[in-house]
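Protein chains in written order, with the numbering used here: chain A, 5 to 252; chain B, 5 to 252; chain C, 5 to 252; chain D, 5 to 252; chain E, 5 to 252; chain F, 5 to 252. Just so you know, even glycine gets a beta-carbon here, dropped at the ideal spot from N, CA and C. All remarks here apply to the structure that follows.
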């Protein structure tokens with residue numbers, strides 16, 4: 005069940021049975037020579053919607069642009085200032101709270117978002133403590149989860165891609181988009197086969213260290229089949245975790 | 005061509021041929037008893053992506069939550085504060101400018117967004133004048149267009165639905181989502197057949213005036229066939245208008 | 005009755021009879037070779053004060069600097085960032101609400117302000133919905149009206165100046181300031197007689213397109229006599245409209 | 005010479021002879037039973053315009069709403085948050101700097117504004133140091149002066165009103181508005197003749213301490229004649245001080 | 005009693021006896037060739053802690069970076085934008101209010117902070133009036149005092165240093181840090197013996213006028229002995245003033 | 005070498021040898037019945053200053069209030085909104101950058117700060133990419149390290165306190181303050197001996213779950229001797245890590 009594909013009476017009815025919602029959150033940023041700019045928003049969206057359909061959960065619209073300043077050296081990347089992201093996420097949360105939602109589960113697809121999501125959740129709780137979320141607003145609980153940290157998923161990534169998984173433009177994440185969009189396949193000469201690894205500072209430094217945008221990965225290993233396995237594993241874990249969160 | 009479905013080298017290549025991009029922008033808000041909460045984001049997204057595919061334009065990710073405070077009396081609506089929306093749109097624009105984009109065409113699906121989009125564009129130009137868009141940033145031109153104002157579309161709406169088009173939860177917009185998602189059809193007893201009309205103030209007042217969320221409309225007239233006609237008309241007009249804008 | 009020319013007991017007494025106030029809002033921006041920089045603040049101030057005197061309405065202080073980034077290429081123009089204008093208008097509104105005002109009628113003199121005024125009103129309603137306007141604050145209704153859209157005024161402009169009214173530094177608005185300040189008359193060689201027309205983007209682009217600041221107008225037609233007719237017409241329409249708004 | 009009563013070519017010409025401008029700044033707040041809500045904006049406006057006319061200085065539009073939270077217990081008072089006032093004053097300053105102004109003299113009419121004006125000036129200098137005022141922006145100097153601190157004025161106030169000058173709703177400031185607007189005279193029973201004195205905290209506390217809004221004053225002593233003397237004295241001192249500031 | 009050296013049950017117990025707290029506030033900025041960058045935070049910290057220990061008052065953590073843009077031409081200076089300082093001080097105050105504190109006494113060590121501290125206090129009161137400090141928050145009273153304005157201190161400064169006290173990097177303030185940290189003594193050739201005096205504008209201008217950072221002072225006169233006298237005098241005055249403030 | 009205990013010429017000299025600085029950052033929040041409210045600011049301050057003294061590094065002033073909304077149910081806790089903390093940290097960083105610092109090492113003492121520190125660093129890099137850090141500003145590298153994650157420290161904590169280390173108000177952190185301030189020792193009846201564990205949501209929820217403020221810890225095990233071992237270990241690791249960071 006997707007919020008943006010529902011009518012308001014359907015959400016009204018849902019709220020009589022559950023106060024919990026999953027919100028996919030990602031980014032729009034370069035993912036190397038053959039990865040999609042939308043990879044980090046698409047992966048949690050694909051997983052959350054599948055889980056929502058299977059288990060009857062409500063899935064919110066996707067928060068599709070995030071913290072990507074370090075990728076700004078590559079065309080197509082869009083980034084929010086951290087303060088903007090906190091403001092926008094808080095507006096989403098305060099809106100949902102007015103309708104009675106009390107459990108927001110943010111399914112994240114971008115490591116670079118983790119800190120700002122956490123800061124935004126602190127901001128939401130701050131609004132509870134200081135009364136800025138509005139009078140008579142129910143208490144809120146949030147959790148944030150990266151899809152690759154769902155139970156069993158990280159292990160599966162390592163098993164599928166023991167070499168060249170890396171940390172950006174990984175074969176795992178690209179497999180998921182290849183699975184969801186089998187017609188979309190990018191080709192490029194990739195060299196070196198496995199990208200360098202290192203730290204992340206600002207955008208210029210990033211481009212110098214990682215000339216084609218990959219970090220430690222060999223995304224040519226990606227396949228729709230691997231993507232299907234990852235999605236299946238992630239969906240199952242998400243359903244379990246979300247049910248426990250919603251019931252707590 | 006969709007930005008989030010492209011790789012960064014593809015955007016690099018695109019920028020050698022064009023500095024222009026279309027960004028669908030809408031909202032997540034109630035659309036009456038049978039309309040989708042995502043209607044206003046989906047309509048421009050559907051039209052823009054179709055046009056982009058046909059004519060080779062680049063279509064950005066969809067800005068999917070907007071100015072919907074007046075719909076906050078209905079479950080599922082999500083709204084941004086105007087200052088948040090201006091900050092987020094400006095961040096999107098400043099990111100795109102860093103890559104060399106000089107023409108941003110915002111295809112809008114929500115009347116309530118019009119003012120804040122315009123204020124955000126003023127803010128972007130302010131950044132040009134006062135140098136806050138960054139050194140060496142090319143000048144920017146934006147335009148904002150509601151899809152129903154594209155050449156010939158308003159006339160077609162009136163022709164298809166001479167009675168009961170109304171201004172919110174209209175049969176025209178719902179036809180477009182019915183056309184794009186033929187399997188998604190909501191049913192409800194709707195009464196009165198044509199909703200009341202009137203002004204818009206705050207959320208409580210809105211709910212009192214428009215108890216099921218519609219304004220002046222009879223959305224039961226919506227059909228996939230009408231949606232197809234509207235999309236076809238809008239796509240053609242959008243291609244013409246965007247080409248002229250990109251070339252100016 | 006002007007707020008800034010009243011004592012607080014007089015406002016206390018007024019609030020026992022009416023919860024409505026008119027606030028003139030304009031800008032400080034170039035108005036071509038012979039127009040005053042204050043034209044857009046002066047016109048609504050002149051009309052509102054006259055109406056207030058005739059009909060006993062309360063007129064607030066004039067919000068005299070607005071959205072004028074596109075005129076920044078001409079000396080003397082002062083502009084607010086949209087976010088500043090929203091913050092300031094919201095502060096004015098929240099102050100007035102604390103005293104019991106429930107109807108704010110913004111009489112606007114500058115087309116470039118329209119969007120940001122509307123965004124600011126959305127922000128005020130947002131504060132109502134989310135409780136940020138303060139506890140026990142009465143609901144608020146705002147309306148925004150450009151003086152040239154008051155009933156019959158636009159028609160009178162066209163009748164007085166069938167050729168060369170244009171859209172910036174118009175003979176109509178300059179006639180109003182000439183009528184109110186008969187001793188103030190600027191002279192300049194104006195060429196071409198009727199200024200070019202076109203779109204508005206940023207300040208540099210504006211200056212290139214409209215070298216002396218006018219858009220489509222021939223302000224040399226302006227006269228105190230025409231100004232008097234316009235003010236008389238506008239005042240009558242404003243009284244009618246404001247009475248209806250205050251009573252709704 | 006008043007900016008809002010000038011054309012842009014006149015400002016262009018002025019900038020060839022001077023980079024300095026006076027900006028009257030005040031507030032809209034209760035001034036006791038017989039004082040005008042606009043007193044603190046009107047006094048510096050009256051003095052600055054007279055000085056500008058006599059000596060050929062440029063006088064900007066009046067910043068007419070300021071820091072008046074402590075007067076919010078009295079109807080008609082309008083106040084800005086300090087952060088809003090800083091943002092707005094900085095926008096004014098940055099606009100003027102773009103045109104080449106390098107000396108901003110803020111003539112203030114409200115003691116409660118002093119701190120925030122000073123903070124705003126710090127903010128403007130911060131923009132110089134950190135480059136946020138824009139590239140190629142000339143260095144800026146500001147000064148802020150309360151009209152009653154102009155040379156000789158305070159002494160004259162004490163001489164005119166040796167008893168009951170007080171510190172809010174003073175006979176001196178009310179004399180100035182009585183002089184400028186001889187037809188505007190409020191009457192009320194005032195008791196006690198001289199208002200109490202004490203500290204200022206929040207609005208509720210203020211209303212309890214100063215039930216009719218006055219602090220330490222007996223404004224019934226105000227007269228147009230005293231106002232004329234004060235304005236004459238202040239204008240002369242302002243001309244001297246501003247000339248020195250502009251030339252430094 | 006220092007807040008940061010206490011446990012929460014100790015603060016709970018304190019609040020049963022007093023609702024008042026002293027918060028030292030200063031800056032981190034150059035203090036000439038031999039003054040410490042932390043001088044303005046250290047002086048109020050030293051005085052407040054001594055007073056707190058003697059009289060059993062609670063002393064909060066030190067707000068140690070303030071308004072120092074004009075010193076940015078000298079290495080080591082750190083400055084906040086005024087809007088940041090207002091936001092941070094308001095967060096401190098709103099936190100303390102939640103626990104029941106009703107009297108905040110800011111003991112300040114930096115003249116450049118005075119205006120922004122006052123603006124921040126206005127902001128705190130604004131939050132009271134407009135309900136943004138949270139529901140059920142007790143009313144707040146703040147006072148701000150520069151340590152050199154405590155009763156008798158200014159006189160003692162003049163007596164100790166009749167020549168060369170100056171206004172920045174003064175022998176008085178440096179004496180206090182010399183007294184508190186007898187092992188810390190900087191040496192430098194200082195010329196001229198007494199620094200020039202003049203106005204303060206932006207950072208570049210400041211560095212030109214005051215090449216070694218001093219204004220009007222001869223800090224070589226500083227001594228631990230003078231520091232002891234100043235601290236003793238200030239502590240006694242602070243205890244008296246704070247007791248009166250806490251009891252009011 | 006401590007910045008606030010240095011003169012500006014000393015910082016000038018330091019910058020000729022190093023562009024790197026350590027900034028201790030913590031919080032002011034309850035630490036259970038016997039822990040100090042300042043624990044999380046004191047621990048990194050103690051370690052950083054010791055390391056700075058030993059190895060000649062520069063240590064900045066301590067950022068002493070952080071992200072502590074979840075502790076707001078306990079008296080004495082002070083918290084910043086995330087957006088305030090980002091603004092303040094960015095102001096500190098931009099100030100230091102103006103002087104030529106290029107490496108900021110934030111030594112953190114509070115787990116709850118981690119996300120917002122990271123978001124603030126993203127914000128600083130954003131300012132680099134978008135030019136808002138000022139023209140001619142050198143590129144910046146930041147790192148953030150929790151003191152308990154310095155090489156070998158976590159292992160030592162576990163070795164010293166195999167049972168009851170917990171995650172808040174831990175014997176390790178309290179040992180450090182006991183070592184640094186041997187005269188400060190709080191006593192309280194603590195029950196249960198080991199506090200409960202669980203998740204963290206808002207302040208009310210926290211107080212219900214953790215009635216005396218501890219999470220999973222038995223702080224009665226703390227001792228000055230353990231503190232000395234921890235500080236010694238941490239200092240050594242910090243010197244190594246900072247030297248590598250400064251040299252990179």
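Using a cut-off of 9 Å between C-beta atoms, extract the partners of residue 98 of chain B located in chain F.
Residue numbering aside, residue 98 of chain B sits at position 94 when the second chain is read from its first letter. Near residue 98 of chain B (Cβ distances below 9 Å), the residues of chain F are 134.
Segment limits, alpha helix (DSSP H) that includes residue 182 of chain F:
Reading the sixth chain from its first residue, position 178 is the one you call residue 182 of chain F. 175-184 is the span of the alpha helix (DSSP H), which, as asked, contains residue 182 of chain F.
Closest residue to residue 226 of chain F among F/240, F/185, F/112 (Cα-Cα distance)
As a working note, residue 226 of chain F is residue 222 in the sixth chain. Measuring from the Cα of residue 226 of chain F, the nearest candidate turns out to be F/185.
Mind checking if residue 190 of chain F is an interface residue toward chain E, Cβ cutoff 8 Å exclusive?
Start at 1 with the first residue of the sixth chain, and residue 190 of chain F comes out as number 186. Residue 190 of chain F counts as touching chain E.
Count the other CB atoms, across all protein chains shown, that sit within 10 Å of the CB of residue 136 of chain D; report buried if there are 16 or more and exposed otherwise.
Here residue 136 of chain D refers to the residue found at position 132 of the fourth chain. Looking at its Cβ environment, which holds 16 or more other Cβ atoms inside 10 Å, residue 136 of chain D is buried.
So which residues of chain A does residue 209 of chain F contact, with C-beta pairs closer than 8 Å?
Here the question's residue 209 of chain F lines up with position 205 in the sixth chain. Within chain A, the residues whose beta carbon sits less than 8 Å from that of residue 209 of chain F are 143, 145, listed in sequence order.
Quick check: is the beta carbon of residue 200 of chain A nearer than 8 Å to any beta carbon in chain F?
In the first chain, counting from the first residue as 1, residue 200 of chain A sits at position 196. False, the Cβ-Cβ gap to chain F never drops below 8 Å.
For residue 109 of chain B, return the contacting residues in chain C, with the cut-off set at a CB-CB distance below 7 Å.
Reading the second chain from its first residue, position 105 is the one you call residue 109 of chain B. Per Cβ cutoff of 7 Å: no residues; residue 109 of chain B is ~13 Å from chain C at best.
To be precise: take each residue of the segment 37-55 of chain C, compare its Cβ to all Cβ atoms of chain D, and keep it if any distance is under 8 Å. Which residues remain?
Within the segment 37-55 of chain C, the residues whose Cβ lies closer than 8 Å to some Cβ of chain D are 37, 38, 39, 40, 41, 42, 45, 46, listed in chain order.
Going along chain D in order, which residues have a C-beta closer than 8 Å to the C-beta of residue 5 of chain C?
Numbered from 1 along the third chain, position 1 holds the residue referred to as residue 5 of chain C. Contact of residue 5 of chain C with chain D by beta-carbon distance below 8 Å is absent, the smallest such distance being about 11 Å.
Check whether the Cβ atoms of residue 114 of chain C and residue 85 of chain B sit closer than 8 Å, and answer yes or no.
In the third chain, the residue the question calls residue 114 of chain C occupies position 110. In the second chain, the residue the question calls residue 85 of chain B occupies position 81. No, they are not a contact pair.
Buried or exposed by the 16-neighbour rule on C-beta atoms within 10 Å, applied to residue 189 of chain A:
The residue labelled residue 189 of chain A in the question sits at position 185 within the first chain. The residue in question, residue 189 of chain A, is exposed, as its Cβ has fewer than 16 Cβ neighbours within 10 Å.
Chain-ordered chain E contacts of residue 74 of chain D [CB-CB under 9 Å]:
By one-based count along the fourth chain, residue 74 of chain D stands at place 70. Under the 9 Å cutoff, chain E gives 126, 129, 133.
Which listed residue (A/155, A/161, A/163, A/101) has its alpha carbon closest to that of residue 134 of chain C:
Translated into the one-based positions of the third chain, residue 134 of chain C becomes position 130. Checked all of A/155, A/161, A/163, A/101; the closest Cα to residue 134 of chain C is A/101.
Shortest alpha-carbon distance to residue 9 of chain B belongs to which of A/165, A/80, A/229?
Residue 9 of chain B sits at position 5 when you count from the first residue of the second chain. Nearest of A/165, A/80, A/229 to residue 9 of chain B, Cα basis: A/80.
Among D/17, D/214, D/25, D/43, nearest to residue 61 of chain D - alpha-carbon criterion
As a working mapping, residue 61 of chain D is identified with position 57 in the fourth chain. For the residues D/17, D/214, D/25, D/43, the minimum Cα distance to residue 61 of chain D belongs to D/25.
I'd like the ranges of any beta strand (DSSP E) spanning at least 3 consecutive residues and lying wholly in the segment 88-164 of chain A.
DSSP assignment within the segment 88-164 of chain A yields the following whole beta strand (DSSP E) runs of 3 residues or more, N-terminal first: 107-112, 145-150.
With residue 108 of chain D and residue 48 of chain D assumed to form a contact (beta carbons below 8 Å), what rounded beta-carbon distance in angstroms separates them?
On the fourth chain, residue 108 of chain D is found 104 positions in, with the first residue counted as 1. On the fourth chain, residue 48 of chain D is found 44 positions in, with the first residue counted as 1. Not a contact, Cβ separation roughly 14 Å.
Euclidean distance between Cα positions of residue 236 of chain B and residue 164 of chain B:
The sequence position of residue 236 of chain B within the second chain is 232, counting from 1. The sequence position of residue 164 of chain B within the second chain is 160, counting from 1. Near 14 Å, if we compare the C-alpha coordinates of residue 164 of chain B and residue 236 of chain B.
Span of the alpha helix (DSSP H), counted from its first residue to its last, around residue 13 of chain B
Counted from its first residue, the second chain places residue 13 of chain B at position 9. Unbroken alpha helix (DSSP H) run through residue 13 of chain B: 12-19.
Quick one: residues in its chain with C-beta nearer than 7 Å to the C-beta of residue 50 of chain C, no 5 flanking neighbours on either side, listed in chain order?
For the purposes of this step, residue 50 of chain C is taken as residue 46 along the third chain, with counting starting at 1. Excluding residues up to 5 positions away in sequence, 180, 184, 235 lie with their Cβ nearer than 7 Å to the Cβ of residue 50 of chain C in the same chain.
Terminal residues of the beta strand (DSSP E) in which residue 24 of chain D lies
Locating residue 24 of chain D in the fourth chain gives position 20, counting from the first residue. Here the beta strand (DSSP E) through residue 24 of chain D covers 24-29.
When the Cα atoms are used, what is the spatial distance from residue 28 of chain B to residue 66 of chain B?
Taking the first residue of the second chain as 1, we reach residue 28 of chain B at position 24. Taking the first residue of the second chain as 1, we reach residue 66 of chain B at position 62. When rounded, the distance between both Cα atoms is 5 Å.
Going by DSSP in three states, residue 63 of chain E sits in which element: helix, strand or coil?
Counting from 1 along the fifth chain, the entry for residue 63 of chain E is found at position 59. The answer is strand: DSSP assigns residue 63 of chain E an E or B state.
Can you tell which of E/126, E/45, E/160, E/199 has the C-alpha that lies nearest to the C-alpha of residue 241 of chain E?
As a working note, residue 241 of chain E is residue 237 in the fifth chain. Measuring C-alpha to C-alpha distances from residue 241 of chain E to each of E/126, E/45, E/160, E/199 identifies E/160 as the nearest.
If you follow the alpha helix (DSSP H) that residue 250 of chain A is part of, which residue opens it and which one closes it?
Against the first chain, residue 250 of chain A aligns to sequence position 246. Annotation: the continuous alpha helix (DSSP H) that includes residue 250 of chain A extends over 228-251.
Any chain D beta carbon closer than 8 Å to residue 150 of chain C:
On the third chain, residue 150 of chain C is found 146 positions in, with the first residue counted as 1. So, not an interface residue.
Taking the beta carbon of residue 171 of chain C as the centre, do at least 16 other beta carbons fall within 10 Å, making it buried, or is it exposed?
Here residue 171 of chain C refers to the residue found at position 167 when the third chain is read from its first residue. By the neighbour-count rule (16 or more Cβ atoms within 10 Å), residue 171 of chain C is not buried but exposed.
According to DSSP, simplified to helix, strand and coil, what is residue 39 of chain B?
Numbered from its first residue, the second chain carries residue 39 of chain B at position 35. Here residue 39 of chain B sits in strand by DSSP.
What does residue 215 of chain D touch in chain C if you count any residue whose Cβ is under 9 Å from its own?
As a position in the fourth chain, residue 215 of chain D is number 211, starting the count at 1. Ordered by position in chain C, no residue passes the 9 Å Cβ test against residue 215 of chain D, which lies about 12 Å from the chain.
Quick one, which of E/20, E/18, E/119, E/72 has its alpha-carbon nearest residue 42 of chain E's?
As a position in the fifth chain, residue 42 of chain E is number 38, starting the count at 1. That would be E/72, whose Cα lies nearest to the Cα of residue 42 of chain E.
Among F/233, F/103, F/205, F/216, which one has its Cα closest to the Cα of residue 14 of chain F?
For the purposes of this step, residue 14 of chain F is taken as residue 10 along the sixth chain, with counting starting at 1. If we check each option's Cα against that of residue 14 of chain F, F/103 comes out closest.
Using DSSP with H/G/I as helix, E/B as strand and the rest coil, what is residue 73 of chain E?
Here residue 73 of chain E refers to the residue found at position 69 when the fifth chain is read from its first residue. Correct three-state label for residue 73 of chain E: helix.
Span separating the alpha-carbon of residue 147 of chain C from that of residue 122 of chain C
Here residue 147 of chain C refers to the residue found at position 143 of the third chain. Here residue 122 of chain C refers to the residue found at position 118 of the third chain. C-alpha separation (whole angstroms): 9 Å.
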